[in-house]
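The working numbering puts the last residue of the sequence shown at 1697; the count rises by one with no breaks. From the three backbone atoms N, C-alpha and C, an ideal C-beta is built for every residue, glycine too. As the structure is a prediction and not an experimental result, all values here were calculated from the model. Below is one structure; the comments refer to it alone.
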Amino acid sequence: MVYKVLIADDETWIRKGIIKAIQWESLKLQLVGETGDGEEALSMSVALQPHIIISDVRMPSMDGLTLSEEVTKILPNTKIIIISGYDEFQYVKRAINADAVNYILKPINREEINGAIKKAIDRIEAQGQLEELKNNIPVFMEKLICDALTYNDSEQLVAVKEWLKKLSLEGDEYCIAAVQTNRKLQDFKAFRNVLYNIVRNIAEADFYVSVFDLNSGNIGILVIRRKNERKIETFLKRAVLALKKESEVGFSIGVGNTYEHIEDIYLSYVDAIKALDGRAAAGKDDVLLYSNDVLFIENKYPLDLHKSYVSCIVLNERCKIAVVLSGIEEYFENTAGLTIHDVRKFFFSVVSDIVKILLHHEKFNNEIIEEGFLFCNQIGGYHSLKDMMEWVKKYSLQCISFIENSQGADINNIIRLSIDYMKNHFNEEISLHLISSKFYINSSYFSAAFKEKTGTTFIEFLTKLRIEKARELLADTKIKVSVVSKLVGYEDGRYFSKLFKKHTGKMPTEFREEDAL
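The following block contains the structure:
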């Protein structure tokens, strides 16, 4: 392979010197252009698409650093070497941010310029090998992800994580979408291929996607959001619009919640299936986002009964199960317009949430969890309210026995879990309502129990935790007080300072000054 080189420097004699110094033949290089103007260099880059650009910092029209930044946006695979007569920090910093391969000071040394070019070639070749590997593993990755989701296999999830790391495809968020089609068998492969091509094209550099078949007959999509501000929901809506134009097959996409860790994609998968299952009752189409509270039609879905029942499991209240089930039975038998499909959706959602609770248990039982998954996968085979109630009651008692035997999630454990959550998410928006909803417990009851067990209110505990974290951060004088405020969960800097003084007797700036002495 011959690597194309573009040279940009406003001094002709320097350009000639660079050309003379480069080992063109041994490094397999070709000079495709030279210029002394920054804007012209950008135009030539777009037209010639060089593999390597060697650019001076100071040039007419556009400086070399701005050129580097613009080229990186348009041609992300092009490698840039910056040359300059100025050994100034801001130049070096901008060059690094523009992903320059090297920053060389004038006068230019033959050995140094050729070394920088070799480094650029190494990067190009490594990138090419990575792209080739990426193109050759879709089928392997699809099988790996499908097995991990079908069997909730932790070893397979670890393997997925390792491969993503090897391929530099790790991201900030992970999400599973499930696509359900109204199609004849012969149309399925064609539809899947169209879907695959569309999501890959729309993903560009912002997302990584893997398309795979689910055992349920649906199509799964793993979406990894990389370092960007685009939302997964927006990305999938674009895919839906493109898919409608390219295919006449009817379809819907259920989108699970996003998670920060690849190990949690099974939870996202469960969410996606629940979103699809709620499609008919909610009258939705296309992109269906999972939500605990608004998955079903508001006046048709007994959310209070759902929360009450799951709460029985969380709090080990086996004596209340029969009472809540009786209320569920009465609701479905006496509410006009409900069908067996609504009953299936309700128990699917309830059992899915019970399984989520068990998954987060320190000593979760695979057999019990798999039994819950099996029920959700086979719920279409249940045709009576009575049969589903009997199964769910038996399963719930089994779950409670497991939790009791492993000293699980009673109110003390919920308080411990809530404290762990606050310690890990203190910089986010946290409220009593959020925590109580997360653990399916009445907020007033939780508030009273929290104070009884910890000796302080929920808000006081959270505030003290945040103030303590702020004290630690203030020890670093490089971090502004306004930034510290946001890092511990307070957007309003003045409110944070007032709160800090209330708890420490000093303003943040005073605390920092005294701490530094």
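Is the Cβ-Cβ distance between residue i and residue j less than 8 Å?
i, j, result
"Pro1667", "Asn1607", "Residue 1667 is actually Leu in this sequence, not Pro. Yes."
"Leu1577", "Ile1501", "yes"
"Cys1579", "Ile1559", "no"
"Ile1412", "Cys1355", "yes"
"Arg1418", "Gly1351", "no"
"Leu1207", "Ile1293", "no"
"Ile1599", "Ala1629", "no"
"Pro1230", "Lys1184", "yes"
"Leu1645", "Met1602", "yes"
"Leu1394", "Cys1492", "no"
"Leu1553", "Val1572", "In the sequence under discussion, the amino acid at residue 1553 is Phe, which differs from the Leu named in the question. Not closer than 8 Å, so no."
"Val1661", "Pro1688", "yes"
What is the DSSP secondary structure of residue i, reduced to helix, strand or coil?
i, result
"Glu1322", "helix"
"Glu1652", "helix"
"Ile1659", "coil"
"Ala1461", "Confidence at Ala1461 is low in this model, with a pLDDT of 39, below 50, so its placement is unreliable and no value can be given for it."
"Ile1698", "The displayed coordinates of the chain run from 1181 to 1697. Any statement about residue 1698 would go beyond what the structure contains."
"Gly1507", "helix"
"Arg1410", "coil"
"Lys1454", "helix"
"Lys1208", "coil"
"Asp1333", "coil"
"Phe1392", "strand"
"Tyr1675", "helix"
"Ile1288", "coil"
"Ile1621", "coil"
"Leu1565", "helix"
"Val1429", "coil"
"Phe1387", "strand"
"Ile1610", "coil"
"Tyr1481", "coil"
"Lys1686", "coil"
"Thr1515", "coil"
"Asn1398", "coil"
"Tyr1283", "strand"
"Thr1643", "helix"
"Gly1436", "coil"
"Gln1203", "coil"
"Tyr1183", "strand"
"Arg1195", "helix"
"Ser1348", "coil"
Using 10 angstroms around the beta-carbon of residue i, count the other beta-carbons present and answer buried if the total reaches 16, otherwise exposed.
i, result
"Val1338", "exposed"
"Ile1202", "buried"
"Arg1290", "exposed"
"Gly1669", "buried"
"Leu1324", "buried"
"Val1391", "buried"
"Asn1332", "buried"
"Ser1334", "exposed"
"Ala1655", "exposed"
"Ser1506", "exposed"
"Thr1706", "The question about residue 1706 has no answer, for the chain in this structure spans 1181 to 1697."
"Ser1581", "exposed"
"Thr1215", "buried"
"Lys1259", "buried"
"Gln1210", "exposed"
"Thr1438", "buried"
"Ala1306", "exposed"
"Ile1442", "buried"
"Val1340", "buried"
"Cys1499", "exposed"
"Lys1682", "exposed"
"Ala1370", "exposed"
"Met1568", "buried"
"Ser1616", "buried"
Please check the pair residue i and residue j, which I expect to be a contact at CB under 8 Å, by giving their CB distance rounded to whole angstroms.
i, j, result
"Ile1288", "Gly1197", "7 Å"
"Lys1286", "Gly1265", "4 Å"
"Ile1304", "Ile1284", "About 18 Å; that fails the 8 Å criterion."
"Ile1453", "Pro1482", "That belief does not hold up - the Cβ atoms of Ile1453 and Pro1482 are roughly 20 Å apart, past 8 Å."
"Ile1401", "Val1379", "6 Å"
"Ala1280", "Ser1241", "Not really, about 20 Å apart at Cβ, beyond 8 Å."
"Phe1626", "Leu1565", "Actually they are not in contact, since the Cβ atoms of Phe1626 and Leu1565 sit about 31 Å apart, beyond 8 Å."
"Glu1584", "Asn1496", "6 Å"
"Gly1218", "Asp1243", "6 Å"
Does any residue of chain B have a CB that is nearer than 8 Å to the CB of residue i?
i, result
"Lys1603", "Absent from the structure: chain B. Only one protein chain is present."
Requested in this report: Give a yes or no on contact between the stretch 1611-1623 and the stretch 1483-1503, applying the rule of three or more CB pairs nearer than 8 Å.
Outcome: yes
Query raised in the report: Does the stretch 1429-1447 come within contact of the stretch 1379-1393, defined as at least 3 CB pairs closer than 8 Å?
Result: no
Query raised in the report: Does the pairing of the stretch 1236-1243 with the stretch 1184-1197 give three or more beta-carbon distances under 8 Å?
Result: In this structure the stretch 1236-1243 touches the stretch 1184-1197; the number of beta carbon pairs closer than 8 Å is three or more.
Report task. Please confirm if the stretch 1626-1640 is in contact with the stretch 1673-1681, defined as three or more CB-CB distances below 8 Å between the two stretches. Result -> Contact between the stretch 1626-1640 and the stretch 1673-1681 is absent, because fewer than three Cβ pairs lie under 8 Å.
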